[in-house]
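Working notes for the structure below.
Spelled out as structure tokens, the structure:
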């Protein structure tokens, strides 16, 4: 039985350029070899909920022993052990019609869109086109030392995106929001998107707010219980623990 939802919100700050790849089916003349994913309506970059959720899950699978063991048994695929924390938080989808492995998710990760301040920053910059810059790189042939230039499209540093994550708690649950927050903290020392080993994708979660919404909130229009506002991820973890 449903008990309550935890609503986690805030902003994602790009400390370095961010590249989350999109389709290159339609390449413009002079465009990027490696474009970012864009919203089909506005044409502007965004962070898909699937990308953020997948990264949080993979970091949790690496940091939790039981989840890591399930990944190893699955030869690198996602953890499917229903008793491990990764499966409990993020669920397990039915694979190749095997419904026995199916397990519902407790975590919803929304798409993250640029803040108004970031949109203004992009509009004012003469070096950006529709919210992105081109990062030029060379790959060097180790035999003849010839260069193979390429460019990668990325969202510039200091861009911010609004994010929202919903964590649902049910009766007799033995999983809590702490592990989800710890995965967010792990991400701050890792990277989001591609080319992380080359400096891309360093992010920080800012202005974090967490509120609790029980059944009465949805049925009787009662107020939500605000746990913390405008915090860092470290402060948010401490607030929930207390």
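In my numbering, the protein residues as written are 176 to 417. Where is the CB? At the ideal position from N, CA and C, for every residue including glycine.
- Distance between residue 237 and residue 362, taken at the CA atoms: about 12 Å.
- Where residue 188 is concerned, there is no enclosing alpha helix (DSSP H), although the beta strand (DSSP E) around it starts and stops at 177 to 189.
- Remark: C-beta atoms of residue 342 and residue 187 do not approach each other more closely than 7 Å.
- Of the residues 347, 182, 211, 224, the one whose Cα lies closest to the Cα of residue 411 is 182.
- Here the alpha carbon of residue 329 sits roughly 6 Å from the alpha carbon of residue 211.
- Of the residues 357, 365, 266, 398, the one whose Cα lies closest to the Cα of residue 189 is 365.
- Under the three-pair Cβ rule at 8 Å, the region 402 to 411 does not count as touching the region 220 to 230.
- Around residue 305, the same chain offers 218, 219 as residues with beta carbons nearer than 7 Å, after the five sequence neighbours per side are excluded.
- Across the structure, residue 350 and residue 414 are spaced so that their CA atoms are roughly 17 Å apart.
- Look at the region 299 to 376 and you find these whole runs of beta strand (DSSP E), each 3 residues long or longer: 308 to 315, 322 to 329, 335 to 345.
- In the three-state DSSP reduction, residue 288 falls in the strand class (E or B).
- In this structure, DSSP gives residue 388 an extended state, which the three-state scheme calls strand.
- For residue 380, the pairing in a beta bridge is given by DSSP as 187.
- Across the set 285, 299, 280, 360, the C-alpha of 360 shows the shortest separation from the C-alpha of residue 381.
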